[in-house]
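Trainee: Quick one: the structure is below, questions incoming.
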Amino acid sequence: MKENELPDKEKEPEIDQGMDTSGGDSAISSKNQSVEGITRRSLVTGVGGTVALCALGGVRFAGTTPLVRPPGGQDFERLTAACIRCEKCVEVCPRHVVKPAHIEHGILGMRTPTLNFDRDWCNWCEEENNGHPLCVEVCPTEALSLPEGAEQETTILGIAELDSSVCLAYLDLSCRFCYDACPFEAIHLDENHRPSIITEKCNGCGACEAVCVVFENASISADAKERAVMIRALDEDGKIVNGLPGGGMTS
Ligand code: SF4
Ligand code: SF4
Ligand code: SF4
212 MKENELPDKE KEPEIDQGMD TSGGDSAISS KNQSVEGITR RSLVTGVGGT
262 VALCALGGVR FAGTTPLVRP PGGQDFERLT AACIRCEKCV EVCPRHVVKP
312 AHIEHGILGM RTPTLNFDRD WCNWCEEENN GHPLCVEVCP TEALSLPEGA
362 EQETTILGIA ELDSSVCLAY LDLSCRFCYD ACPFEAIHLD ENHRPSIITE
412 KCNGCGACEA VCVVFENASI SADAKERAVM IRALDEDGKI VNGLPGGGMT
462 S
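So the sequence shown is numbered by the working numbering: it starts at 212 and just counts up by one.
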């Protein structure tokens, strides 16, 4: 059973889209008429859970940390206001890179979609849906939504940051997996075959992070706490959040 999924006995049947929804539940019911497949229980759990946590002293988690979001989730205020935590985007992602945010990231954004590149990257569903993001298509409330004509290259999800202190190439060990994986030629190799990020070309797709082998070679990069190249979230001014103290290697 997935995290956040209710045991069978606690599940409520999905609301019949054609049922009479008049009365005290009218607000929720009318919402459900336009939100296919969302149960009354999931809606109440998502909103009510957040309120309850606030009441239980979760104020220390108040606010939020900027996170790397799926395509169309870059407007934080719209995302948190419109997202009903249904996790349809999590379920539909063919690459399994969409994950719900945790409370540590702040109550406001809890269970909203974020991206995790541990195993794969976001290709805008190029192979699975001709480059039309499925997470955006299934979102019932337009919490994830892209402007007309939005393109992968120019929709910035985050920016790659490269840590030369743990990168194998800077330790004179031949490695260029990230360079080969980058679909946007946003990684430069110097004369010694050491990579650096061309930030103007990077959109935070995560292909480099997904293939970085630092953890597979932990005995070599013994000090590594994360991969040598990581996608960082950006703040409202486009600056990297929680990045390396001295900044990453850029071209
Ligand atoms: S665009 Fe496709 S691959 Fe990228 S996060 Fe959305 S569903 Fe996953
Ligand atoms: S540097 Fe990494 S995150 Fe940036 S575009 Fe290339 S592969 Fe994607
Ligand atoms: S894949 Fe990782 S270790 Fe290899 S060159 Fe790129 S950042 Fe360095």
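Virtual Cβ for every residue (Gly too), placed ideally from N, Cα, C.
Note that the structure is a prediction, hence the values are computed from the model and not measured.
Go through its chain and collect everything with a Cβ distance to Leu400's Cβ below 7 Å, but skip five positions before and after it.
Mentor: Locating residue 400 in the sequence shown gives position 189, where the first residue counts as 1. Cβ within range, chain order: Arg387, Tyr390 and Pro406.
Trainee: Within 7 Å: the Cβ of Gly454 and any heavy atom of ligand 2?
Mentor: Mapped onto the sequence shown, residue 454 falls at position 243. Outside the cutoff, so no.
Trainee: Once you ignore the five residues that flank Pro344 on each side, which residues in its own chain have a CB closer than 6 Å to its CB?
Mentor: To locate residue 344, count along the sequence shown from 1; it is residue 133. Hits under 6 Å: Pro282, Trp335 and Cys336.
Trainee: Should Asp483 go down as buried or exposed, given a rule of 16 or more other Cβ atoms within 10 Å for buried?
Mentor: As shown, the chain starts at 212 and ends at 462. That puts residue 483 outside it, with no answer to give.
Trainee: Just checking my contact of Val349 with Lys299 at CB under 8 Å: how many whole Å lie between their CB atoms?
Mentor: Along the sequence shown, one-based indexing puts residue 349 at 138. Along the sequence shown, one-based indexing puts residue 299 at 88. Yes, they are in contact, since the Cβ atoms of Val349 and Lys299 sit about 5 Å apart, within 8 Å.
Trainee: With respect to 7 Å, is the separation between the Cβ of Cys294 and the closest non-hydrogen atom of ligand 2 below this value?
Mentor: Taking the sequence shown and counting its residues from 1, one reaches residue 294 at position 83. Not so, every heavy atom of ligand 2 lies at least 7 Å from the Cβ.
Trainee: Count the other CB atoms, across all protein chains shown, that sit within 10 Å of the CB of Val301; report buried if there are 16 or more and exposed otherwise.
Mentor: As a first step, residue 301 must be located in the sequence shown, where it is residue number 90. Buried, since its Cβ has 16 or more Cβ neighbours within 10 Å.
Trainee: Tell me whether Ile463 sits in a helix, a strand or coil according to DSSP, three-state version.
Mentor: As displayed, the chain neither begins before 212 nor continues past 462, which places residue 463 out of reach and without an answer.
Trainee: Which residue's Cα is closest to the Cα of Pro394: Leu373, Glu420 and Ser375?
Mentor: To locate residue 394, count along the sequence shown from 1; it is residue 183. It is Glu420.
Trainee: Let me know if Lys379 comes out buried or exposed under the rule of 16 or more other beta-carbons within 10 Å of its beta-carbon.
Mentor: One-based indexing of the sequence shown puts residue 379 at position 168. For clarity, residue 379 is Leu in the given sequence; the question names Lys instead. Its Cβ being crowded by 16 or more others within 10 Å, Leu379 is buried.
Trainee: To the nearest angstrom, how far is the alpha carbon of Val452 from that of Ala444?
Mentor: For this step, residue 452 is matched to residue 241 along the sequence shown. For this step, residue 444 is matched to residue 233 along the sequence shown. Answer to the nearest angstrom: the Cα atoms are 6 Å apart.
Trainee: Who are the Cβ neighbours of Cys416 in its own chain at under 6 Å, not counting the five residues just before and after it?
Mentor: The count along the sequence shown starts at 1 and reaches residue 416 at position 205. Cβ within range, chain order: Trp332 and Cys333.
Trainee: What are the boundary residues of the alpha helix (DSSP H) that Ala312 is part of?
Mentor: Counted from its first residue, the sequence shown places residue 312 at position 101. Unbroken run through Ala312: none, as it is neither H nor E.
Trainee: Let's test the definition: count the other Cβ atoms within 10 Å of the Cβ of Asp448 and tell me whether it reaches 16, buried, or not, exposed.
Mentor: Here residue 448 refers to the residue found at position 237 when the sequence shown is read from its first residue. Under this definition Asp448 is an exposed residue.
Trainee: Does the Cβ of Thr323 have 16 or more other Cβ atoms within 10 Å, making it buried, or fewer, making it exposed?
Mentor: Working through the sequence shown from its first residue, we reach residue 323 at position 112. That one is buried.
Trainee: Following the continuous beta strand (DSSP E) through Leu326, name the residue where it begins and the one where it ends.
Mentor: Looking up residue 326 in the sequence shown gives position 115. Segment Pro324 to Leu326, the beta strand (DSSP E) holding Leu326.
Trainee: Quick check on Val440: does DSSP put it in helix, strand or coil?
Mentor: On the sequence shown, residue 440 is found 229 positions in, with the first residue counted as 1. Three-state result, Val440: strand.
Trainee: Which whole-angstrom value is the C-beta distance of Gly284 and Ala397, which I expect to be below 8 Å?
Mentor: Working through the sequence shown from its first residue, we reach residue 284 at position 73. Working through the sequence shown from its first residue, we reach residue 397 at position 186. Gly284 to Ala397, Cβ: 21 Å. No contact.
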